[in-house]
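This note's numbering numbers the first residue of the sequence shown as 473 and each following residue consecutively.
The C-beta atom is built at its ideal place from N, Cα and C for all residues, glycine as well.
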Amino acid sequence: MSAAGGKDIAALASVVVPCVFVYQHTMRRSMILHAPTSSRRCFIRHSFLAVGAAALPTVAWATPDASVPIWTVRKRGRSVYLLGETLPRPQAWHVPAVEALLLRCGKLWTETNQTYRESTAALVKRFGMSASPSPLGLLSPSQESRLERAAVSAKVNLAEFVGIRPWLVGATLEDAGYNAFGLTGASANTVLSAQAKNAGIPLASEFATKDDVFSWFGGMSPIQETQFLCFAVDGVLLGRDGCERLSRSWLAGRIAPVEAFVEYERRSYPELYMKLTADRNLAWVRRFEAMLDEPKPTMVVVGLYHLVGPNSLLAKLREADFTVSKGIY
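What follows is the structure, given as structure tokens:
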């Protein structure tokens with residue numbers, strides 16, 4: 473590659489992955505450009521690990537409100553605590569009882585972290601660039617129209633993404649949308665990861681490094697990554713109010729709106745749903761089995777979309793003979 477080409481890749485990386493932060497969904501919607509919240513999209517940028525020792529909880533142990541989305545998962549007399557994150561929100565996450573619980577745990581598991589083996593520019597070149605002259609060619613005219621509307625809402629110039637694979641366009645668009653809507657408060661993942669680090673509690677992640685996240689997305693089929701882009705567009709078009717409605721419903725214990733959104737994903741984007749949600753939920757069950765051998769309880773943080781529907785992580789844990797109870801026990 474020429475020196476000029478190298479500069480182009482670096483410039484592209486600065487557009488696609490501005491060093492403002494690192495999200496997740498949720499991974500989802502969350503897996504790549506970690507916007508300061510949700511885990512499902514927790515992936516490419518640099519996170520708010522600036523929550524220092526002063527953020528460590530000083531409150532006494534307390535039972536959280538019943539609406540806090542945390543579950544105690546038990547088997548063979550051992551416990552794992554599972555916290556479901558909201559979508560990105562305007563304010564930083566803070567639940568004293570959960571923060572205090574973390575200090576009683578021996579490990580914190582999240583969907584992703586901020587460890588890189590290679591530079592972002594190198595990863596974009598390897599996994600984010602398309603060999604196709606029309607990488608968005610699978611989009612229908614109506615999907616193209618929705619993409620254009622979402623780009624306006626997210627304040628993104630689509631002309632900057634010529635030659636970029638659909639999955640990376642979607643991840644970037646999603647993260648840009650959260651920032652444009654002011655949904656940039658530090659997530660539970662971000663806050664708890666910083667507190668675990670300060671307290672000397674080991675961290676582990678579904679994806680060991682950001683490189684693994686890029687590789688996972690890079691392994692998507694053309695239909696999967698096109699569906700991911702469309703799903704990201706759907707999320708952006710929810711707008712700030714729509715995202716907040718889903719998050720507030722989740723926190724109030726009203727899961728029907730979140731269930732409906734995930735069911736929409738399953739029906740509209742079946743190939744994506746299997747890779748992004750169902751398969752990953754099943755893989756988490758094996759990790760939970762291993763967590764039972766830890767000397768102390770483990771805390772796990774995942775995005776809300778992993779915790780609803782017939783293929784949810786909660787459902788799969790129950791199928792594997794775990795006892796799943798809402799609350800801390």
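8 Å Cβ cutoff met for residue i and residue j
| i | j | result |
| --- | --- | --- |
| ALA680 | LEU580 | no |
| LEU744 | PHE689 | no |
| ARG561 | GLY657 | yes |
| LEU723 | THR558 | yes |
| VAL772 | VAL552 | yes |
| ARG546 | PHE794 | yes |
| ALA464 | LEU655 | Only positions 473 to 801 of the chain appear in the structure, and residue 464 is not among them; the question remains open. |
| LEU709 | ARG637 | no |
| SER721 | VAL730 | yes |
| ASN783 | ALA755 | no |
| ALA643 | VAL628 | no |
| ALA703 | GLU735 | The sequence as given places Phe at residue 703; Ala does not occur at that position. Against a cut-off of 8 Å, the Cβ pair of GLU735 and PHE703 comes out as no contact. |
| LEU610 | PRO742 | no |
Distance, residue j Cα to residue i Cα
| i | j | result |
| --- | --- | --- |
| ALA671 | TRP565 | 18 Å |
| SER539 | GLY556 | 11 Å |
| SER691 | LEU640 | This sequence places Gly at residue 691; Ser is not what is there. Going by the C-alpha atoms only, they are around 12 Å apart. |
| ARG758 | ARG621 | 41 Å |
| LYS597 | THR698 | 19 Å |
| SER591 | ASN651 | 23 Å |
| ALA676 | PRO613 | 42 Å |
| ASP713 | GLY549 | 42 Å |
| CYS577 | GLY799 | 16 Å |
| VAL780 | PHE686 | 26 Å |
| ALA603 | VAL634 | 11 Å |
| VAL531 | LEU748 | With a pLDDT of only 31 at VAL531, under the threshold of 50, the placement of this residue in the model should not be trusted, and no figure is reported. |
| ASN449 | TYR777 | Only positions 473 to 801 of the chain appear in the structure, and residue 449 is not among them; the question remains open. |
| VAL567 | VAL663 | 10 Å |
| ASP665 | PRO674 | Here residue 665 turns out to be Ser, not Asp, going by the sequence shown. Computed Cα separation, rounded: 9 Å. |
| LEU608 | ALA594 | 22 Å |
| MET601 | ALA569 | 44 Å |
| GLY707 | SER659 | 18 Å |
| GLU761 | VAL705 | 36 Å |
| TYR801 | GLN563 | 28 Å |
| TYR588 | SER797 | 36 Å |
| ASP480 | PHE599 | Residue confidence is low: ASP480 scores 44 on pLDDT, short of 50, so the model does not pin down where it sits. No coordinate-derived value is stated. |
| GLN696 | MET746 | 9 Å |
| LEU554 | LEU785 | 10 Å |
| ALA728 | PRO541 | 14 Å |
| ARG726 | THR770 | 26 Å |
| ALA507 | PHE653 | Only weak support is given to the placement of ALA507: the predicted model assigns it a pLDDT of 39, under 50, and the question is left unresolved by the model. |
| PRO605 | GLU616 | 16 Å |
| ASN661 | ALA631 | 33 Å |
Bridge-paired residues (DSSP) for residue i
| i | result |
| --- | --- |
| LEU675 | LEU580 |
| GLY775 | GLU557 |
| VAL685 | VAL685 is not bridged to any residue. |
| LYS798 | TRP543 |
| THR770 | VAL552 and LYS579 |
| VAL763 | Note that residue 763 is Met in the sequence shown, not Val. According to DSSP, MET763 bridges with nothing at all. |
| MET601 | ILE636 |
Short CB-CB distance (under 8 Å) between residue i and chain D
| i | result |
| --- | --- |
| GLY775 | Of the protein chains in this structure there is only one, and it is not chain D. |
field: Cβ contact (3+ pairs, closer than 8 Å) linking the stretch 785 to 795 and the stretch 563 to 575
entry: Not touching, per the Cβ criterion.
task: Would you list, in sequence order, the uninterrupted alpha helix (DSSP H) runs of no fewer than 4 residues that lie entirely inside the stretch 547 to 587?
output: Counting whole runs of 4 or more residues, the stretch 547 to 587 contains the alpha helix (DSSP H) stretches 568 to 574.
message: With three or more C-beta pairs closer than 8 Å as the rule, is the stretch 675 to 689 touching the stretch 581 to 595?
response: Three or more Cβ pairs drawn from the stretch 581 to 595 and the stretch 675 to 689 lie within less than 8 Å of each other, which places the two stretches in contact.
task: Ignoring anything shorter than 4 residues or poking outside the stretch 694 to 744, list the alpha helix (DSSP H) runs there in chain order.
output: If we require 4 residues or more, the alpha helix (DSSP H) runs fully inside the stretch 694 to 744 come out as 694 to 723 and 728 to 740.
- request: Evaluate the contact criterion for the stretch 713 to 720 versus the stretch 764 to 771: three or more CB pairs, one atom per stretch, below 8 Å.
  value: In short, these stretches do not touch, since the Cβ pair count stays below three.
field: Secondary structure, beta strand (DSSP E): runs of 3+ residues fully inside the stretch 606 to 675
entry: The beta strand (DSSP E) runs lying completely inside the stretch 606 to 675 and spanning 3 residues or more number zero.
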